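Just so you know, the protein sequences line up as chains A and B, in that order.
The working numbering puts the first sequence at residues 1 to 396.
The working numbering puts the second sequence at residues 1001 to 1108.
Notes to accompany the following structure.
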Amino acid sequence: MSVLKNWDINLRQSEKKTLLSFFILYLFFTTLLLLFMAIFYYNTQKDLMLKDKRVGLSKYANDEIKRLKYLHVNFDRVPRIYPRDKRFKSAIYDSVYTKIFSLLDSSDVDLNEDIYLKDGSIYYIKELESYYLGTKYVVIEVKDDGIWLKRVYKNLAIYGGGILAVLLLMGYFLLYLLLRPMREAIELLDRFIKDTTHELNTPVSTILSNIELSSKEQIDEKLQKRLNRIKIGARTISNLYQDLVFLTLSQKIESKKQNEDIAELLQERLEYFSLSIESKKITLKSKLSKGISLHVDKKKLTKLIDNLISNAIKYNKINGTIDVVLAEKYFYIKDSGRGIEKDKLDLIFKRYERADRSVGGFGIGLSIVSKIAQEEGLRVEIDSVFKKYTTVKVSW
Amino acid sequence: MRFFILCLLLVLNLSASVYQKNCLSCHNKLPIKIDKFFYRYLLKYSSAIETKYAMKLYLQNPKKENSILNPALLNRFGVKKKTTLSEKDLKKAIDEYWDKYKIFGKLK
């Protein structure tokens, strides 16, 4: 599937699964087709070999019949010894398939066949017109030298392998052709998101820096409130920009891990969102144990925390609460928001899945959280009661 | 003494099987031994069930058409008389005849 690997926006899991299923199905049917061809070839070669052997075995059977005839005619005059031959083994059966005498290695003989191969031996059955010693069927058994089989295996390995390689190559090109429209659409989307993201950065940075500068000046309370609202909006756009950058470029960004003080980081991020918290009149209760550090990539952990705090604010009610607790082995963020319905809990880590569509968003936040947690070796658990609360616990 | 010999012959006659009394007694007088008939039956009918059935059919209803003898021998000896044995005795006689000359277990 190397056709897919260079895209910045990778195919979604379900699309990858579909392509993998197609490839497995193609491989399965190709192998099945080859298997049928191999079986057909094997049977044809076996029949040809048996046809070649038939003449010689028929002669052996005639020789044996002559000896049986002699024994039948002189049964009371000669020793009653069954005629033996070094070239083959034989057996005689009466008309109701009862064994009269046998020198065969196998006791299970199919008298309805003419000639067949079984367990490395060739069996030839000849029906008599006159039943000497009551014999209706003479069975001749000779060992198969296996030369034809070696030739069959050799040909199957050479030609079968060649055909399989050609069919797989054809499958690859077929897949490439099938993927072309999808690849072009994804490339277009990829380019669009990159361009948009790039274009967003400069104006958002300008807005934010100017708001910061304006906040330091003496301005009246009314204007300050307006500026704060613009700041929240601009930070929301800035967060979205950061998320998109993470999604589109995460594979190209090298991870820089170092020991990070988690309490410090959580405090810093809570301060960053303080305006948004205030704007919804949310009460923030934080209990952060000191001296807990983790060996992680700061940027990624910041992104994870930002997404969790942003969700706790976004999905909270006015005058709600947010609890942030940091302990030795975990931290959690609990909101008093809408909660998540039980049947939607399993889906919320999927990209573009949103449990609640009443507020804005793309549904990429928790997908990013899940991705970062996976990369940084963290475990994310969600506990939620619909219309009451949601707690997201990150443990290590 | 004469009485003793007569008694012995009577006992021997009484202990003889249906086959010995009713088949061998006549066939022993013929120039062709009884085993030759068996091998001719075997040559034509192969299995025990078919051979015994063909023998019974011929003995109960002897005809030129269902005889296994060749035409020359048939002309010379003719067709035998119909058997007077009961179904049960005839079966006993044929079974003994089969057991005596069958090929099964006799080849080495």
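C-beta atoms are modelled at their ideal positions from N, C-alpha and C, and glycine is treated no differently.
Just so we're clear, the structure is a prediction, and the values are computed from it rather than from any experiment.
Classification of residue i by the beta-carbon crowding that lies within 10 angstroms, buried from 16 upward
i	result
residue 78 of chain A	exposed
residue 1028 of chain B	exposed
residue 390 of chain A	buried
residue 176 of chain A	exposed
residue 1077 of chain B	exposed
residue 61 of chain A	buried
residue 64 of chain A	buried
residue 269 of chain A	buried
residue 385 of chain A	exposed
residue 182 of chain A	exposed
residue 307 of chain A	buried
residue 256 of chain A	exposed
residue 1053 of chain B	exposed
residue 1084 of chain B	exposed
residue 282 of chain A	buried
residue 1066 of chain B	exposed
residue 309 of chain A	buried
residue 239 of chain A	buried
residue 226 of chain A	exposed
residue 1038 of chain B	buried
residue 109 of chain A	buried
residue 311 of chain A	buried
Closer than 8 Å: residue i CB and nearest the ligand FAD heavy atom
i	result
residue 172 of chain A	The model depicted lacks the ligand FAD and carries no ligand whatsoever.
Interface flag, residue i vs chain A, CB-CB below 9 Å
i	result
residue 1048 of chain B	yes
residue 1089 of chain B	no
residue 1051 of chain B	yes
residue 1029 of chain B	no
residue 1097 of chain B	no
residue 1043 of chain B	yes
residue 1100 of chain B	no
residue 1058 of chain B	no
residue 1104 of chain B	yes
residue 1064 of chain B	no
Spatial neighbours of residue i in its chain, beta-carbon cut-off 8 Å, leaving aside the 5 residues before and after
i	result
residue 221 of chain A	none
residue 113 of chain A	123, 125
residue 171 of chain A	23, 26, 27, 30
residue 201 of chain A	241
residue 1063 of chain B	1079
residue 224 of chain A	215
residue 368 of chain A	243, 246, 247, 303, 304, 307
residue 38 of chain A	156, 160
Cβ shell of residue i (< 6 Å), same chain only, five flanking positions each side left out
i	result
residue 122 of chain A	53, 142, 144
residue 378 of chain A	394, 396
residue 381 of chain A	393
residue 318 of chain A	280, 281
residue 16 of chain A	none
residue 346 of chain A	none
Beta-carbon proximity check, residue i vs residue j, cutoff 9 Å
i	j	result
residue 325 of chain A	residue 314 of chain A	no
residue 1023 of chain B	residue 1093 of chain B	yes
residue 316 of chain A	residue 291 of chain A	no
residue 260 of chain A	residue 298 of chain A	yes
residue 211 of chain A	residue 186 of chain A	no
residue 102 of chain A	residue 136 of chain A	no
residue 244 of chain A	residue 197 of chain A	yes
residue 1043 of chain B	residue 132 of chain A	yes
residue 82 of chain A	residue 1108 of chain B	yes
residue 153 of chain A	residue 50 of chain A	no
Test: residue i CB closer than 9 Å to a CB of chain B
i	result
residue 89 of chain A	no
residue 115 of chain A	no
residue 70 of chain A	no
residue 107 of chain A	no
residue 136 of chain A	yes
residue 85 of chain A	no
residue 104 of chain A	no
residue 96 of chain A	yes
residue 140 of chain A	no
residue 100 of chain A	yes
residue 28 of chain A	no
Neighbourhood of residue i by C-beta, 7 Å cutoff - its chain only, sequence neighbours within 5 removed
i	result
residue 99 of chain A	91, 93
residue 88 of chain A	60, 140, 141, 142
residue 178 of chain A	none
residue 127 of chain A	136, 137
residue 119 of chain A	106
residue 67 of chain A	83
Ignoring anything shorter than 4 residues or poking outside the region 1060-1097 of chain B, list the alpha helix (DSSP H) runs there in chain order.
-> Those alpha helix (DSSP H) runs which fall completely within the region 1060-1097 of chain B and span 4+ residues are 1071-1077.
Inside the region 214-275 of chain A only - beta strand (DSSP E) runs reaching at least 3 residues | Entirely contained in the region 214-275 of chain A, the beta strand (DSSP E) runs reaching 3 residues are, in chain order, 257-261.
Quick one: complete beta strand (DSSP E) runs, 3+ long, within the region 127-176 of chain A?
-> 137-143
Which ranges would you report for the alpha helix (DSSP H) in the region 297-336 of chain A if only whole runs of at least 4 residues count?
-> Scanning the region 297-336 of chain A for uninterrupted alpha helix (DSSP H) segments of 4 residues or longer gives 298-314, listed from N- to C-terminal end.
Along the chain, which unbroken stretches of the alpha helix (DSSP H) at least 4 residues long are found entirely within the region 62-88 of chain A?
-> none
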